[in-house]
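Chemist: Note that the sequence shown covers residues 2 to 85 in the working numbering. Glycine included, C-beta positions come from ideal geometry on N, C-alpha and C. The structure displayed is predicted, hence computed values, not measured ones. Below is one structure. I have some questions about it.
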Amino acid sequence: MTVENHPLLRENPELADKLLARAMADGAFAQRAQRYATLDALVQNSSAGAEEAAEYAALGKQLIGELELPVTTSCCGGCGGSAH
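Structure (structure tokens):
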């Protein structure tokens, strides 16, 4: 998945690295991001129905919310990074 022109980044270009990393690590997230891009094309062309427009808005908020969450790791720090 390329993120350079992903519609989520129009208003949030600072999330490009997080979007790419998350999409590569999480297949379900990547599918939802792709669905958002598909819906964006329909909305931009004014060919989206009311249900699609509502899904587009909700999905956009959900994806941005997930990208803005702080990164959590399961690392305990006990090995000092040498076991990774």
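Alpha carbon to alpha carbon, how far is residue 38 from residue 69?
Modeler: Take the alpha-carbon of residue 38 and the one of residue 69: they are about 19 Å apart.
Chemist: May I have the straight-line CA-CA distance separating residue 71 from residue 19, to the nearest angstrom?
Modeler: 10 Å
Chemist: By DSSP, does residue 70 sit in helix, in strand, or in coil?
Modeler: Coil, per DSSP.
Chemist: Quick one: what does DSSP say residue 23 is sitting in, helix, strand or coil?
Modeler: helix
Chemist: Counting only the same chain and skipping the five closest in sequence on each side, list residues whose C-beta sits under 6 Å from that of residue 16.
Modeler: 68
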